[in-house]
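Engineer: Just so you know, the sequences run in chain order H and A. Taking this note's numbering, the leading residue of the first sequence gets 6, the next gets one more, and so forth. Taking this note's numbering, the leading residue of the second sequence gets 167, the next gets one more, and so forth. We treat Cβ as the ideally placed atom computed from N, Cα and C, and that holds for glycine.
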Amino acid sequence: MAGVGSYFSTLDISVSGMKSERVRMDVVLSNLANVNTTRTPEGGPYRRRQVVFQSMLADAYEKGVMPGRGVEVTEISLDDSEFIRIHRPGHPDADADGYVMLPNISTAEEMADLMSASRAHEANSAAFRVTRDMFKRALELGRG
Amino acid sequence: MKGDFSSQILTKVLDLTAARQRVLSHNLANINTPSFVRSDLDFSQALADAVRGGPKNLAYMDLEPLKDEASPARFDGNNVQLETELAEMSKNALMFQMAIQAMNARMSMMRTAITGR
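1. If the cut-off is 8 Å on Cβ atoms, which residues from the stretch 52-63 of chain H count as contacting chain A, listed in chain order?
2. Taking 8 Å as the threshold, find out whether the stretch 17-24 of chain H comes into contact with the stretch 122-135 of chain H through three or more Cβ pairs.
3. Kindly list the residues whose CB is nearer than 6 Å to the CB of Arg52/H, restricted to its own chain and excluding five residues on each side of it in sequence; keep chain order.
4. What is the DSSP secondary structure of Asp228/A, reduced to helix, strand or coil?
5. Please list, in chain order, the residues of the stretch 82-104 of chain H that have any C-beta partner in chain A closer than 8 Å.
6. Just tell me which of Arg27/H, Phe88/H, Asp118/H and Phe58/H has its CA closest to the CA of Asn109/H.
7. Quick one, are the C-beta atoms of Arg54/H and Val32/H less than 8 Å apart?
8. Output the distance between the C-alpha atoms of Thr112/H and Met120/H, rounded to the nearest integer angstrom.
9. Do you know how far the Cα of Asp242/A is from the Cα of Gly48/H?
10. Alpha carbon to alpha carbon, what distance is there between Gln59/H and Tyr226/A?
11. State the DSSP-derived secondary structure class of Leu207/A, mapped to helix, strand or coil.
12. Counting only beta-carbon separations shorter than 8 Å, does Met275/A have a partner in chain H?
13. Quick one: which chain A residues come within Cβ less than 9 Å of Ile18/H?
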């Protein structure tokens with residue numbers, strides 16, 4: 006059923022979780038850093054980014070035996086919701102009526118996202134440690 | 167599978183707990199994947215039945231992880247709960263360690279029997 010390789014691939018699953026949550030944190034931090042950015046290379050204000058997580062399917066030979074082999078970030082997509090329009094006549098990017106378009110980012114939402122990513126990252130690293138300790142125990146077989 | 171019946175049982179427990187560890191890790195890795203449904207490998211009853219059925223039943227015992235649709239889902243359709251997965255993982259690891267210790271105890275008994283010391 007499960008060979009030695011399964012320990013290593015179990016560790017890889019937890020690593021995939023940590024990696025994906027790290028990417029999510031990077032994206033959230035980039036959103037937070039650009040919460041007031043009105044100029045971008047593409048033109049217009051900065052558009053909020055979000056990660057798309059997808060569960061990785063099991064390899065063909067272990068179909069039915071295992072539900073999958075972790076998670077991956079398949080896409081960093083742009084949030085198409087509307088920009089925030091605020092009245093700021095003195096701003097160099099203000100339109101004729103004195104309105105500026107600001108990024109479609111809510112600081113509170115991003116902070117909540119950041120906490121959730123950091124908690125999930127921690128949980129995956131805890132899982133990694135549990136699996137590693139199990140593996141270490143297995144190496145002690147026959148020494149007792 | 168070789169060896170006496172109780173080492174066969176212990177080997178099976180090691181196999182099953184290692185497999186379950188993988189399933190639980192996969193759940194945890196997907197804690198933020200929308201509409202992900204957790205799976206689990208609940209082997210306690212099947213193992214008890216197989217043990218009662220003797221070595222042959224045990225050798226043929228094979229389990230697949232099943233989707234757990236019973237746990238309540240969050241707003242995004244995901245039903246992985248951090249606390250549950252970590253707690254199940256700890257229990258599973260303890261069961262694995264228990265099997266390892268039992269195997270070691272058996273081996274040292276045999277060693278004693280062989281050497282007479």
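Structural biologist: Taking the coordinates as given:
1. Phe58, Gln59 and Ser60
2. yes
3. Leu83
4. coil
5. none
6. Phe88/H
7. yes
8. 12 Å
9. 33 Å
10. 34 Å
11. coil
12. no
13. Arg188, Ser191, His192, Leu194 and Ala195
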